[in-house]
Structures are given as C-alpha cells and as structure tokens.
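Accompanying notes for the structure given below.
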Amino acid sequence: MSIFVDEVNDVLYAGKYYQENNTIYVFENASTYTTGTMQGTYDPDTDSVARINVETISLMVDSNDNLYAWPDSADHVKIYYNANTLTGDILGPDKTLYGLVNNGYGMDFLPY
Numbered sequence: 090m091s092i093f094v095d096e097v098n099d100v101l102y103a104g105k106y107y108q109e110n111n112t113i114y115v116f117e118n119a120s121t122y123t124t125g126t127m128q129g130t131y132d133p134d135t136d137s138v139a140r141i142n143v144e145t146i147s148l149m150v151d152s153n154d155n156l157y158a159w160p161d162s163a164d165h166v167k168i169y170y171n172a173n174t175l176t177g178d179i180l181g182p183d184k185t186l187y188g189l190v191n192n193g194y195g196m197d198f199l200p201y
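Shown next as structure tokens:
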C-alpha cells in the first residue's frame, strides 16, 4: 500500500499493490480523513472519484499536479497529468518514462 496526500488540492491517493488487482484510488476532501482513523465504512470502488488501473509500489504528485506511479521493478514510471481532476476508471497513463535503473527502489535515472 502506498499513500500520498496532496494538501494543496485536498486529495488522498491510496495505491493498492496486490497480485493482479493493482489500483490507485483517488479520494477528494483528504482533510476529512486526518482525525486518526476514517470514520464510518468506505468502499474504495464506490467512494473514490477515480480508480487508476496501474501496478504501483510507490506514488507521488508534484507541484504541477502530475501523478507519478512506479512498479516494484522501478525500470519505468507512469505519469498521469492533472491528477486532482481525474474521474472514473483510468486505464492508461498520459506518459511512460523508461530508462530507470532496475536495481533499487525510487527513481534513479540511467546516466546516458
């Protein structure tokens, strides 16, 4: 599970990495979840504003509202533009960046 909170846009991104069912769930009003535990019962499939079908072990959103998601192998990163406006089921990224090192976690670019 990977989590990122976009404090500027008040959005929570929760990535589930589990066998064949890999999804990033996007929740609006993230500030309402900061009281310790989420109150009530939440179903990510119906309570999220967007569901991004992507294998991810880590994710982040930059100051330009681009969502970056990279898999366990770390040899590429998938980029989704305008992350806080995504809605519905998202099947593919806006861009995939290749050339990342496949020997660790994080984003290490090859020196060429």
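In terms of this note's numbering, the sequence shown opens at residue 90 and continues consecutively.
Every residue, glycine too, gets a C-beta built ideally from N, C-alpha and C.
All of these numbers come straight from a predicted model, not from anything done at the bench.
Residue j beta carbon less than 9 Å from that of residue i
i    : j    : result
D154 : D95  : yes
E117 : D134 : no
L156 : I168 : yes
Residue i - DSSP class collapsed to helix/strand/coil
i    : result
N110 : coil
S91  : strand
N142 : strand
S120 : helix
D136 : helix
T176 : coil
V100 : strand
S204 : Lying before the first or after the last residue shown, residue 204 is absent from the chain, which here runs from 90 to 201.
Y170 : coil
Y187 : strand
Y157 : strand
Among the options, nearest to residue i - alpha-carbon criterion
i    : options                : result
T185 : Y170, L175, D178       : Y170
L175 : W159, D164, H165, N142 : N142
M149 : D132, N173, Y131       : N173
Own chain residues within Cβ distance below 7 Å of residue i, not counting five before or after
i    : result
T145 : S91, G104, Y106, N111, I113, A158, W159, P160
F93  : Y102, L148, M149, V150
I132 : The sequence shown places Asp at residue 132, rather than the Ile named in the question. So no residue of the chain qualifies.
Cβ-based neighbour list, residue i, same chain, cut-off 6 Å, excluding 5 preceding and 5 following
i    : result
Y187 : H165
D178 : R140
S137 : Y114, V115, F116
S120 : D99
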